[in-house]
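A short write-up of the structure that comes next.
Dropping the structure here:
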């Protein structure tokens, strides 16, 4: 009866959100969600911030500037400075979660048919956004050190791309889904490639602060200052969703002024402004120093949970499931060593009240059907241990 | 240096937001904004709602469903019922302001080059969203009874449209900018046209509850139940921005299930979900009955302000500025009777510390340069009187 745009004729929703119905199954232990742990939210700090914010009623309740409240932008600039990147409020746009930032960027920069490079396996909402924008997505493989920059170099120099790529999307630190972190050498090489081939290097960095092992690495944005000609090509996204709370819906982007001002114009028609109320709460929270006080507790808890998951996998499923221990973030990327199909395995696991996300959700092509993503962020340590035992039982009867 | 999408090569921002810089001029009296009055926000009711919401910390702080929190959807369904429309939670999508709803609809339904009909003069962000989507916008004139349905009928039957229109956008009740309300006869005729010609009838209804004069009229959505075949073609947007507070960024849309589920898929990639925190506050606010208690105060205040503005225009500028008294909403649409250019007049007014929006901002074509929009919502009654006196002085020296 209705005529829809081509990309929306038969749309498929998020493959991960499709799994949500099983979460309601009594006794379910889930490694599936990409949600941060609810019991680690800084309720006290956020309540205090909300109280202070509500005293500025007009700021919270009225429309705000499209690019974000000045008080929040100042705090985010300070946060970026602590992370090693000098930037100005003018170079920063507050978004309704970093997901919105990527969407605004695509609108401004990517036309149907444009070539976009994406690390693979990749965050499914990125693949979906590109699909709906009708981009020509070309995938670049990832290994335990992150994006395979040698493979990317070969691809760029092969002449096989139908046209020059507009941008490359990567989560260089504690990637979703692989948990991998791009090495320093690869970071520098990637920046050089962006500067040479003139594609936007889109760095999505929601997890970078969640490091519980290994040495800190500079973000691509920070490192760009040392790689001549690269800084203009970096578009950096970050978010309070994983380090404070997703319910704020506060992300931000840092990009070249010419890109940013167009994203502001796009945002005027998309949602006018992100909620000034949650922006004011976030500004008060950051200004109080609560993030620095509370974040170590989240990191410590995730370290314990990650170790519990990896130790349990080693103890109960040795030789059956291969994985690398991540140094931060929320995810362990694993693979059924026997090459079984993880979607079939998931069905057996759901019968035993444990779940994860099968790898297929993270691929556009060259699917590794034996891969799976386990998030250790939400479940407690006891549940992590029980969950892996159930996975063992499910694999035995599989 | 960068290659942008065609619509973003040389983007122009909101013409109204361009005027913001003059708001900072000391002593400025502004009739320009489309902002609700900050001093009429129900601070007490919202503080109480925020307190109750924050007791459900996980609900507020965690990710929420893309289509909206169930508790809020239930309250919005009840609100729609009080407005005369039966709808179900499944037929309602919570959006980050109603602006987002329109944007989602365009993504799902309107491809570059598609014909879209828009009442004119029109809300500028609507024109901008359509421009960025590269729609082929065809305008339909408006008079004091709203959209000129006879002109629309003639247009549809003339065979002059390059292709069948995909949708028609209208604010049928207390329109922005004209303040006009579509008559009951025209509403019925418009619904019949949508059913006959198979275009989506997009009803934007942020102001409908702000009635301070005349008899209530059914929304197009409500009336559709009485016009065979029309209900499926109505897409209804509403918002808490004008009746509670824009800082919540809570709007909603009601549409056919096939349209709505695609908008949900689009929203997954746009911002995942609207802030669950402000959704929870809004749900608590509505559940407490605070809207019904407080809204009459806003309506009464706007009635007084509207009368003050219209009386002052009659007293100080008789014969110089023509206008119709609206029966609700936030705007008076006026016209310099001498046919002078309102943009020039605005410059003279800004020198005397009073401002408005020149009509040109609301037109895509056939611009009436003598038109201007005056909002009575934000300034106090004394400022309204002073502002009009300044407008008189500016006109004398013009």
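Protein chains in written order, with our numbering: chain B, 1037 to 1434; chain L, 1037 to 1434.
Glycine is no exception: its CB is placed at the ideal position from the N, C-alpha and C atoms.
Inter-residue spacing [alpha-carbon to alpha-carbon] between residue i and residue j
i, j, result
"residue 1059 of chain L", "residue 1057 of chain B", "50 Å"
"residue 1391 of chain B", "residue 1085 of chain B", "36 Å"
"residue 1262 of chain B", "residue 1072 of chain L", "48 Å"
"residue 1090 of chain B", "residue 1377 of chain L", "43 Å"
"residue 1076 of chain L", "residue 1250 of chain L", "23 Å"
"residue 1064 of chain B", "residue 1208 of chain L", "49 Å"
"residue 1102 of chain L", "residue 1387 of chain B", "27 Å"
"residue 1062 of chain L", "residue 1381 of chain L", "20 Å"
"residue 1283 of chain L", "residue 1301 of chain L", "25 Å"
"residue 1129 of chain B", "residue 1220 of chain B", "27 Å"
"residue 1290 of chain B", "residue 1306 of chain B", "19 Å"
"residue 1427 of chain L", "residue 1212 of chain L", "22 Å"
"residue 1296 of chain B", "residue 1127 of chain B", "7 Å"
"residue 1184 of chain B", "residue 1175 of chain B", "11 Å"
"residue 1092 of chain B", "residue 1313 of chain B", "9 Å"
"residue 1424 of chain B", "residue 1346 of chain B", "10 Å"
"residue 1191 of chain L", "residue 1233 of chain L", "12 Å"
"residue 1351 of chain L", "residue 1359 of chain L", "13 Å"
"residue 1125 of chain L", "residue 1067 of chain B", "30 Å"
"residue 1225 of chain L", "residue 1045 of chain B", "30 Å"
"residue 1385 of chain L", "residue 1325 of chain B", "46 Å"
"residue 1409 of chain L", "residue 1203 of chain L", "26 Å"
"residue 1292 of chain B", "residue 1269 of chain B", "8 Å"
C-beta atoms of residue i and residue j nearer than 8 Å
i, j, result
"residue 1187 of chain L", "residue 1177 of chain L", "yes"
"residue 1161 of chain B", "residue 1135 of chain B", "yes"
"residue 1344 of chain B", "residue 1371 of chain B", "no"
"residue 1339 of chain B", "residue 1248 of chain B", "yes"
"residue 1182 of chain L", "residue 1132 of chain L", "no"
"residue 1141 of chain B", "residue 1342 of chain B", "no"
"residue 1310 of chain B", "residue 1431 of chain B", "no"
"residue 1112 of chain L", "residue 1245 of chain L", "no"
"residue 1105 of chain L", "residue 1319 of chain L", "yes"
"residue 1243 of chain L", "residue 1366 of chain L", "yes"
"residue 1169 of chain L", "residue 1146 of chain L", "yes"
"residue 1411 of chain L", "residue 1100 of chain L", "no"
"residue 1281 of chain L", "residue 1082 of chain L", "yes"
"residue 1257 of chain B", "residue 1223 of chain B", "no"
"residue 1050 of chain L", "residue 1304 of chain B", "yes"
"residue 1420 of chain L", "residue 1316 of chain L", "no"
"residue 1266 of chain B", "residue 1231 of chain B", "yes"
"residue 1055 of chain L", "residue 1393 of chain L", "yes"
"residue 1137 of chain L", "residue 1287 of chain L", "yes"
Status (buried if at least 16 other CB within 10 Å, exposed otherwise) for residue i
i, result
"residue 1031 of chain B", "A query on residue 1031 of chain B cannot be resolved here, the shown segment of chain B reaching from 1037 to 1434 and no further."
"residue 1155 of chain B", "buried"
"residue 1194 of chain L", "exposed"
"residue 1078 of chain L", "buried"
"residue 1121 of chain B", "buried"
"residue 1179 of chain B", "exposed"
"residue 1364 of chain B", "buried"
"residue 1139 of chain L", "buried"
"residue 1214 of chain B", "buried"
"residue 1333 of chain B", "exposed"
"residue 1450 of chain B", "Look at the range of chain B in this structure, 1037 to 1434, and you will see that residue 1450 of chain B is not part of it."
"residue 1433 of chain L", "exposed"
Point to revise | Stretch-stretch touch, CB-based, cutoff 8 Å, three pairs: the stretch 1238-1247 of chain B with the stretch 1260-1280 of chain B | key: yes
**Study point:** Cβ pair count under 8 Å reaching 3, the stretch 1188-1207 of chain B against the stretch 1147-1154 of chain B
**Key:** yes
Exercise for review: Name, going along the chain, the residues of the stretch 1122-1142 of chain B whose beta-carbon falls closer than 7 Å to a beta-carbon of chain L.
Suggested key: For the stretch 1122-1142 of chain B, which is checked against every Cβ of chain L, the residues closer than 7 Å are 1132, 1133, 1135, 1136, 1139.
Exercise for review: Pair every Cβ in the stretch 1416-1425 of chain B with every Cβ in the stretch 1393-1402 of chain B, then say whether three or more of these pairs are closer than 8 Å.
Suggested key: Contact fails between the stretch 1416-1425 of chain B and the stretch 1393-1402 of chain B, because fewer than three Cβ pairs, one in each stretch, are under 8 Å apart.
Review point. Residues in the stretch 1042-1061 of chain B with C-beta within 8 Å of chain L's C-beta atoms, listed in sequence order?
Key: 1042, 1044, 1047, 1048, 1049, 1050, 1053
Check your understanding: Which residues, in order along the stretch 1300-1314 of chain B, keep a beta-carbon less than 9 Å from a beta-carbon of chain L?
Key -> 1300, 1301, 1302, 1304, 1305, 1306, 1307, 1308, 1309, 1310, 1311, 1312, 1313, 1314
Exercise for review: Would you list, in chain order, the members of the stretch 1271-1289 of chain L that have their beta-carbon closer than 7 Å to a beta-carbon of chain B?
Suggested key: 1281, 1282, 1283, 1284, 1285
Review point. Along the stretch 1245-1269 of chain L, what residues have a CB closer than 8 Å to any CB found in chain B?
Key: 1268
Exercise for review: Please list the residues of the stretch 1139-1163 of chain B that have a C-beta atom closer than 8 Å to any C-beta atom in chain L, keeping them in chain order.
Suggested key: 1139, 1143, 1144, 1145, 1146, 1147, 1161
Point to revise | Under 7 Å (Cβ pairs) to chain L, residues found in the stretch 1205-1222 of chain B | key: none
Review point. Taking a cut of 9 Å between CB atoms, which residues from the stretch 1102-1123 of chain L lie near chain B?
Key: 1102
Review point. Listed in chain order, which residues of the stretch 1347-1370 of chain B have Cβ atoms closer than 9 Å to some Cβ of chain L?
Key: none
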